[in-house]
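Written below as structure tokens is the structure these notes are about.
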Amino acid sequence: MRHQKKINHLGRKSAHRKAMLSNMATSLILHKRIHTTVAKAKALRTFVEPLITKSKDDTTHSRRIVFGYLQSKEAVTELFKEISKKIMERPGGYTRILKTGNRFGDNAEMCLLELVDYNESMMTSRDDGKAKPTRRRRSGAKKKETPVAPEPKAESTEEKPEA
Numbered sequence: 000m001r002h003q004k005k006i007n008h009l010g011r012k013s014a015h016r017k018a019m020l021s022n023m024a025t026s027l028i029l030h031k032r033i034h035t036t037v038a039k040a041k042a043l044r045t046f047v048e049p050l051i052t053k054s055k056d057d058t059t060h061s062r063r064i065v066f067g068y069l070q071s072k073e074a075v076t077e078l079f080k081e082i083s084k085k086i087m088e089r090p091g092g093y094t095r096i097l098k099t100g101n102r103f104g105d106n107a108e109m110c111l112l113e114l115v116d117y118n119e120s121m122m123t124s125r126d127d128g129k130a131k132p133t134r135r136r137r138s139g140a141k142k143k144e145t146p147v148a149p150e151p152k153a154e155s156t157e158e159k160p161e162a
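In numbering that gives the first Met the number 0, the protein residues as written are 0 to 162.
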């Protein structure tokens, strides 16, 4: 039984798991979204969100701690310069998991893991609380159209020649 075991080992040894999560976190920070399995996305979320929280405090100490996890200078500078400015007011929940269906080969659940503040389509699709006006009609008895009788032809006013 797995009672009180919070870490999903993902079927890997600890060194492999740490390296994989580090690489995935670097890709997420640089590209703002990655396509992966749901299990890896949930494990990555617990790995990367504390690092994003550390980036709010831009000190040498916090940069060194984050670099110890990511091992990528580009990702650390991107995290502390770009991402930390966007998420400064957010109290948590920096990532979003969008399920995309199952993979064809092994039927694994796939998803899109993205940084919340970088999805432009989700941010622009919000309305200002206004509901769209809907057209409604009464669903009472339908009116029957009566067929219109053809109009009688008027007699011509031309005079007929008399023979």
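All C-beta atoms, glycine included, are put in the ideal place defined by N, C-alpha and C.
Closest to residue i by CA distance: which of the options is it?
i	options	result
residue 80	95, 51, 105, 8	51
residue 107	96, 46, 36, 75	36
residue 111	44, 3, 123	44
residue 165	102, 38, 3	Because the chain here runs from 0 to 162, residue 165 falls outside it and cannot be looked at.
residue 59	149, 75, 49	75
residue 65	21, 15, 133	21
residue 83	47, 104, 9, 7	47
residue 97	103, 109, 104, 105	109
residue 99	23, 134, 34	34
residue 49	30, 29, 24	24
residue 27	121, 95, 16, 1	95
residue 18	42, 132, 122	42
Taking DSSP's pairing of strands, which residues face residue i in a bridge?
i	result
residue 34	111
Can you round the beta-carbon distance between residue i and residue j to whole angstroms, since I take them to be within the 8 Å contact cut?
i	j	result
residue 32	residue 113	4 Å
residue 61	residue 78	The Cβ separation is near 10 Å, so there is no contact.
residue 116	residue 86	6 Å
residue 16	residue 8	7 Å
I need the DSSP call for residue i, collapsed to helix, strand or coil.
i	result
residue 97	strand
residue 152	coil
residue 120	helix
residue 88	coil
residue 52	helix
residue 72	helix
residue 58	coil
residue 106	coil
residue 13	helix
residue 23	helix
residue 44	helix
residue 28	helix
residue 63	helix
residue 138	coil
residue 80	helix
residue 39	helix
Would you call the segment 86-101 and the segment 62-77 in contact, with 3 or more CB pairs under 8 Å?
With a cut-off of 8 Å, the segment 62-77 and the segment 86-101 do not count as touching, because too few Cβ pairs lie within range.
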